[in-house]
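Working notes, beginning with the structure itself.
There are 2 protein chains.
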Amino acid sequence: MLLEARSSADVVRRQLRCAHDDHAATAGHLRAQPPSHVHTLARGSSGCAAAFLSYLLAARHGVPAGALQLSALTLHDAPLQVRGSLAVAISQSGQSPDLVTSMQRLSARGASTLALVNQMESPLAQACLWRADLRAGPELSVAATKSFVASLVASALLVSHWRMDAAMLKALDALPHQLDTTVADHEIDATVRALAPVEHLLVIGRGFGLPLAQEAALKLKEACGMHAQALSGAEAMHGPVSLAGRGRTALVFATGGPELPGLIAFADHLRRLGTNVVLAAPPQIRERTMTLTPADMPELDAVPAIRSFYEVVAALATARGFDADQPPHLRKVTLTL
Amino acid sequence: MLLEARSSADVVRRQLRCAHDDHAATAGHLRAQPPSHVHTLARGSSGCAAAFLSYLLAARHGVPAGALQLSALTLHDAPLQVRGSLAVAISQSGQSPDLVTSMQRLSARGASTLALVNQMESPLAQACLWRADLRAGPELSVAATKSFVASLVASALLVSHWRMDAAMLKALDALPHQLDTTVADHEIDATVRALAPVEHLLVIGRGFGLPLAQEAALKLKEACGMHAQALSGAEAMHGPVSLAGRGRTALVFATGGPELPGLIAFADHLRRLGTNVVLAAPPQIRERTMTLTPADMPELDAVPAIRSFYEVVAALATARGFDADQPPHLRKVTLTL
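Protein chains in written order, with UniProt numbering: chain A, 1 to 337; chain B, 1 to 337.
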C-alpha cells in the first residue's frame, strides 16, 4: 500500500501528460449540451472520490450533483427520469455489476454516461458513452491509494475543462510537486502515538475536505481495524457530538478556504469537552498535530492531504499489528448488486 | 424520550386526520409543473427522514432526489442551477440558519421550496413557498422520536398524493395500528443484553430501510453513548466489512421487499466471520433477535420498525447508565451554518 501511495506523484504526472484530451473531449460535449444534473455512481474509495467530484461541480461550477441510490436502480429498477442529466461512474476495476447494470439502465433512460475508470477494457468502461482512463497503473494492494488520488485528479480535470477554468488547470500542474512533499517523521510518530490505542473515532472534514475525511476513515477501518466514521463538522453538531468528551478521540482535517475557521473552532470545541483531538491542518495553524501541505487552491487541498495521511495509515497499521496490504475479509475486486 | 416515542401512533393518527389537504395542495402544484429533480436539505434525524423521502421519490416515483451539500450554499454561495427543481427542507424546529439561508438562496435561483416542519411560525416555514405541518406536537426530549416518525409519514403522504398512489394512501391508514403493536419484553431484553457491552458497531440497512438504520445509529450515539455507524449492506462490502469478526458486533435491520434476501445473506456472512449479529427482521425470519412488525407495503416498514427500536434505545440507555432525555453536549435546537 505504501509503495503505491508513494507513487501518487508519478501517477498524477502521467495523468497530466496524457489525460487532458479525454477530459477536453467530454467537456466539449458537456458545454454543447449542458446537463441539468450530475448523478454519481461509485462505492468505497471511489465513492469518496465521487463525493469530491459532486462538491466541485456544485460549489465551483454551479451544477447540482450528488450520489444516486444504486439499489433504486438495481433492486427496484426504478423508472428514473434522467433525460438531460449526466451519470458519472468512478471505479478502479470497472467490474461491479451494480455499477454496470445501473449505467446501462440510466443510458437506456436517456442519461449521458461517463466512466472514470482504471481498467479501460472493463465492462463498466464498455457500458458508457464516454470514458477517461485514470492511468493509475495496476493497483495490487487491496486498499486503494494511488487510484483514489488519480480519481480526485480526474474529477478536477473534468471540471476544469468543462468550465474552462485556467486557474484550476494551473493549480493541477503544481500537484505532483506537492505530492512529493513528505510529511515529517516526528509528525507521523506523534499522530500514530495519539491514534494507536483508539478503537473508534469521529473523523471530521467539511466541504471540499469532507471526501478526504471519508477516505481517511475508510482506510482506518480497512488497514488499521479502527472504527472511524467521517462526518461534516456541521452534521456532527446535530447529534454525533454527544460522543465527544474525556476518553474519546477525534481526527479533524482542517483544509483551507471558507471551511477552515469553522473546522478550527470545532476542534477547539471538541478539546474543551475533553476530547483527545488530532488536528491535521496547514502550517499556519499552531495547534496542529500534523501538517497538511496546501495545494495552490483550497479546492485541491484534499489531494496532497490524503497522500500524507496514507503515510500515517501505513505506520498506524504496523503499530496496531495489522498488515496494511491484507485487510481482513476483503478482496481486490468487490462484486455487489 | 420514551413517552414521546410511545405517542407516535397518536401523532400519525392526527396527521392522517389533518394533513392530507396540505400535501394534496402541494402535490397539485407538482403535478402541474413536474420538477426535474428534488433536493433535500436537513440534518440529524431530519436528515435520515430526508433520505427516506429521496428513496421513495427515486425508487417508487422515478423522480431523482438526494441531499444537497448545504455548505456549498452557505459557505461558498454556489451559483447553483436549480430552476425547475424542488427543494424540500425537513426540520423539527425550523430554526437552523443553514437551512433558512439555503432555502432563501435556492428560491432566489428559481427552485420551488417546501418545508416539512413542526413549527409553522419558524423562519424556515416562512422562507418557503409551500409548507406542511408535521403535527408532532411539542417535542421536549432532546433526542427527537415522534417528530422523526411524523417526518417519515409526511414524506410518504407527499409522495402518495403526488403520484395519486391509492395503495400507499391505504397502507398509510394502517400505520397507527402497527405503531401500537408493542415489541415483546423478552425481545427488548435479548437485544439490550447483546448490545449493552458494545462500544462501537455497524448498523446495516438497505434501500427503504437504510434511513431506518441511519436514525437507529444516531439514537445509539445520542442516547446510549455508543459509536454506531449506519451503512448499506452493499456499501459495507466495499471496505467496512473488514471490521467484522470475533469480538465485533453488527445490528442488521432486514426490512421487507427486494432488499430482504440480501440483508439476511449479509447477516449470515457477518455471523460466519465470527461477528455477534443482532438481527431485527420480520416474523418469518427464524434467526431474528427482534421482530419487526411489517407495514402493509415494504416501502413503509421503517415506520413501525423505528417505533419498536426506540423501546430498545430507551432500555439500552438505562442499562448503560445514560439518561436518554439528556444526551451529553446537545441542546434541543442546534444552530449551524
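Each residue gets a CB set at the ideal place from its N, CA and C atoms; glycine is no exception.
- Taking 9 Å as the upper bound on Cβ-Cβ separation, chain A lies near residues P327, P328, H329, L330, T334 and L335 of the region 316-335 of chain B.
- Residue environment: P138 (chain A) is assigned as exposed (fewer than 16 neighbouring CB atoms within 10 Å of its CB, all protein chains considered).
- Residue-level contact check: Y55 (chain A) touches chain B, since one or more beta carbons of chain B fall below 8 Å from its beta carbon.
- Under the Cβ criterion of 8 Å, M1 (chain A) is not counted among the residues facing chain B.
- Counting the other Cβ atoms within 10 Å of the Cβ of D98 (chain A) gives 16 or more, which makes it buried.
- At a Cβ-Cβ threshold of 8 Å, S46 (chain B) and H329 (chain A) do not count as neighbours.
- Every alpha helix (DSSP H) of 4 residues or more that sits fully in the region 100-174 of chain A is shown, in chain order, as 123-127, 146-162 and 166-173.
- Between A281 (chain A) and the set A:A156, A:D165 and A:L212, the nearest pair of CA atoms involves A:L212.
- The three-state secondary structure of I90 (chain A), taken from DSSP, is strand.
- For H23 (chain A), the enclosing alpha helix (DSSP H) stretches over residues H20 to A32.
- Under the 8 Å criterion on CB atoms, A78 (chain B) is classed as interfacial with respect to chain A.
- The beta carbon of D165 (chain A) does not come within 8 Å of any beta carbon belonging to chain B, so the residue lies off that interface.
- In this structure, the alpha-carbon of S122 (chain B) lies about 20 Å from that of V149 (chain B).
- Among the bridge pairs identified by DSSP, V278 (chain B) is matched with B:L251.
- The DSSP-derived three-state label of M290 (chain A) is strand.
- With a beta-carbon spacing of about 11 Å, L80 (chain A) and L70 (chain A) fall beyond the 8 Å limit used to define contacts.
- Counting of Cβ neighbours within 10 angstroms places Q33 (chain A) among the exposed residues, the total staying below 16.
- In the DSSP assignment, S232 (chain B) forms a beta bridge with B:G205.
- If you ignore the 5 residues before and after L220 (chain B), its C-beta comes within less than 6 Å of the C-beta of M226 and A228, all in its own chain and listed in chain order.
- In the three-state reduction of the DSSP assignment, V312 (chain B) falls in the helix class.
- Inter-residue distance for A143 (chain B) and V12 (chain A) is about 46 Å (C-alpha atoms, whole angstroms).
- For L41 (chain B), the enclosing beta strand (DSSP E) covers residues V38 to L41.
- When beta bridges are read from the DSSP output, H227 (chain A) appears opposite A:H200.
- Shown here for A51 (chain B): same chain residues with a beta carbon closer than 6 Å to its own, the five before and five after excluded, namely P211 in chain order.
- Within its own chain, the residues whose Cβ lies closer than 6 Å to the Cβ of W162 (chain B), once the five positions on either side in sequence are excluded, are A27 and L30, listed in chain order.
- Scanning chain A for C-beta atoms nearer than 8 Å to the C-beta of K221 (chain B) yields G239, P240, S242 and L243, reported in chain order.
- At a cut-off of 8 Å between beta-carbon atoms, D10 (chain A) makes no contact with chain B.
- Secondary structure note for A65 (chain B): its beta strand (DSSP E) is the uninterrupted segment A65 to A67.
- Spatial neighbours of A305 (chain B) in its own chain (CB-CB distance under 6 Å, excluding positions within 5 residues in sequence) are listed in chain order as L212 and L292.
- Residue contact check for D98 (chain A) against chain B: a CB pair falls below 8 Å.
- Using a Cβ-Cβ cut-off of 8 Å, S93 (chain B) does not count as an interface residue toward chain A, since no Cβ of chain A sits closer than that to its own.
- M120 (chain B) has its alpha-carbon roughly 15 Å from the corresponding atom of V333 (chain B).
- H186 (chain A): member of the alpha helix (DSSP H) spanning D185 to L195, first to last residue.
- The residue among B:P35, B:R288 and B:L201 with its C-alpha nearest the C-alpha of V82 (chain B) is B:P35.
- Inclusion of A267 (chain A) and L279 (chain A) in the CB contact set at 8 Å is warranted, their separation being smaller than that value.
- A residue is called buried when at least 16 other Cβ atoms come within 10 angstroms of its Cβ; E287 (chain B) does not meet this threshold and is exposed.
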